[in-house]
Amino acid sequence: MLRLGGLGLWLGLAIAAAAVLTARLLGWWSPGAGIRLFIPEELARYRGGPRDPGLYLALLGRVYDVSSGRRHYEPGAHYSGFAGRDASRAFVTGDYSEGGLVDDVSGLSFSEMLTLQNWISFYEKNYEFVGKVIGRFYGEDGLPTTELAQVEAMITRGLEANKQELKEKKKFPPCNVEWSSTRGSRFWCSQKSGGVSRDWTGVPRKLYKPGTKESHCVCVRTTGPPSDQRLDSPAHRNRGDLDHPNLREYAGCPPHATTCFLPL
Ligand code: HEM
Numbered sequence: 001m002l003r004l005g006g007l008g009l010w011l012g013l014a015i016a017a018a019a020v021l022t023a024r025l026l027g028w029w030s031p032g033a034g035i036r037l038f039i040p041e042e043l044a045r046y047r048g049g050p051r052d053p054g055l056y057l058a059l060l061g062r063v064y065d066v067s068s069g070r071r072h073y074e075p076g077a078h079y080s081g082f083a084g085r086d087a088s089r090a091f092v093t094g095d096y097s098e099g100g101l102v103d104d105v106s107g108l109s110f111s112e113m114l115t116l117q118n119w120i121s122f123y124e125k126n127y128e129f130v131g132k133v134i135g136r137f138y139g140e141d142g143l144p145t146t147e148l149a150q151v152e153a154m155i156t157r158g159l160e161a162n163k164q165e166l167k168e169k170k171k172f173p174p175c176n177v178e179w180s181s182t183r184g185s186r187f188w189c190s191q192k193s194g195g196v197s198r199d200w201t202g203v204p205r206k207l208y209k210p211g212t213k214e215s216h217c218v219c220v221r222t223t224g225p226p227s228d229q230r231l232d233s234p235a236h237r238n239r240g241d242l243d244h245p246n247l248r249e250y251a252g253c254p255p256h257a258t259t260c261f262l263p264l
């Protein structure tokens with residue numbers, strides 16, 4: 001049996017360390033669950049050119065093999081700027097200049113973060129996940145950075161805001177609107193207006209954004225308890241949401257009319 005002496009042991013360890021480093025730099029090995037880690041320089045080799053080892057792109061630090069979508073990403077193709085790097089920001093801005101093809105997503109809004117999440121879902125569904133990029137979103141240990149945690153928190157908040165918006169839209173579905181240069185505007189409610197299918201029609205009202213002078217036309221339920229009131233709560237005035245404080249009637253429109261005209 002081979003026994004390593006003091007020097008041999010150090011040499012063995014040094015060789016092993018160098019091998020790990022090389023493998024890490026070349027992206028062949030990563031600690032933990034067999035996930036491959038890339039340094040950006042290694043990922044940059046995967047641009048789909050004739051001598052390149054493949055065609056990859058990264059989004060929020062996650063690397064996907066997009067070779068089956070070669071026609072979009074290969075050199076010269078419309079989205080070739082995404083290949084071989086993490087250009088998360090450009091997935092939102094559509095800025096495919098070198099300055100725009102970057103992974104810095106700071107300052108994006110909640111809904112823009114949701115756009116990124118939709119792109120992640122798209123790549124998860126259509127392409128193979130092959131690893132992670134060490135840098136902005138993943139550390140050398142392959143674990144998420146605080147920056148990625150912040151992005152994920154924004155996505156969660158964005159999803160919650162969307163859920164809330166959907167709830168509001170069910171409560172106050174937008175009106176149908178028609179405009180004519182001779183007759184002016186017509187607002188009316190129907191059981192599908194605003195794309196919200198329901199068993200009531202409602203009446204048009206202006207709904208004001210709290211603290212602003214901005215309003216838009218919504219259909220308001222006229223019977224039953226207010227939406228914010230529990231069903232088992234005591235007597236209500238059977239006026240639906242008509243008494244909501246952010247609502248105003250349209251001038252010249254009877255309070256129970258389902259159609260309102262706003263002449264020029
Ligand atoms: C922020 C803006 C945009 C981004 C980030 C973006 C990104 C992309 C990406 C990554 C693909 C390839 C998807 C795949 O792998 O299958 C794609 C495909 C496509 N995009 Fe865009 N796009 C944007 C805006 C637009 C606009 C404004 C149009 C049209 C006016 C458009 C038209 C298309 C079409 C037609 C395809 C499919 C092409 C095909 O199947 O051959 N894109 N887009």
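Taking the UniProt record's numbering, the leading residue of the sequence shown gets 1, the next gets one more, and so forth. Idealized CB from N, CA, C, for every residue including glycine. Remember, predicted model here, so these are calculated numbers, not experimental data.
Check your understanding: Looking only at its own chain, which residues have a Cβ that is under 7 Å from the Cβ of Y123, when we skip the five neighbours before and after it?
Key -> These residues qualify, in order along the chain: L59, Y64.
Check your understanding: At which residues does the alpha helix (DSSP H) containing S111 begin and terminate?
Key -> Segment 110-126, the alpha helix (DSSP H) holding S111.
Exercise for review: Please say whether V130 and L116 have beta carbons closer to each other than 8 Å?
Suggested key: No; because the gap between Cβ atoms is not below 8 Å, this pair is not in contact.
Practice item. Starting from E178, trace the beta strand (DSSP E) both ways and give me its first and last residue. Key: Residues 176-180.
**Study point:** Bridge partner(s) assigned by DSSP for R186
**Key:** The partner list for R186 (beta bridge, DSSP) reads E178, F261.
Practice item. Round the Cβ separation of C219 and G202 to the nearest angstrom and send it over; I've been treating them as touching at under 8 Å. Key: The beta-carbon distance between C219 and G202, rounded to whole angstroms, is 3 Å. This is short enough to meet the 8 Å contact definition.
Review point. Span of the beta strand (DSSP E) holding V151?
Key: Per DSSP, V151 lies in no beta strand (DSSP E); the unbroken alpha helix (DSSP H) holding it starts and ends at 146-171.
Check your understanding: So what does DSSP say about H72, is it helix, strand or coil?
Key -> The three-state reading of DSSP puts H72 in helix, counting H, G and I together.
Review point. Would you say Y79 touches the ligand HEM, meaning its beta carbon is less than 7 Å from a heavy atom?
Key: Short note on Y79: C-beta closer than 7 Å to some heavy atom of the ligand HEM.
Point to revise | C-alpha distance - C253 paired with T259, whole-angstrom precision | key: Straight-line Cα distance between these residues: approximately 8 Å.
Check your understanding: Pairing CB atoms from the region 179-189 with CB atoms from the region 141-159, are three or more of them under 8 Å?
Key -> Fewer than three beta-carbon pairs drawn from the region 179-189 and the region 141-159 are found closer than 8 Å, and the two stretches are therefore not classed as touching.
Review point. Can you check whether the CB of A83 is closer than 8 Å to the CB of L57?
Key: In contact: L57 and A83 (Cβ atoms closer than 8 Å).
**Study point:** C-alpha gap between H256 and W200, whole angstroms
**Key:** Taken atom to atom, the span from the alpha-carbon of H256 to that of W200 is near 13 Å.
Check your understanding: What's the gap between the Cα of P225 and the Cα of P245?
Key -> If I take the Cα positions, the gap works out to 15 Å.
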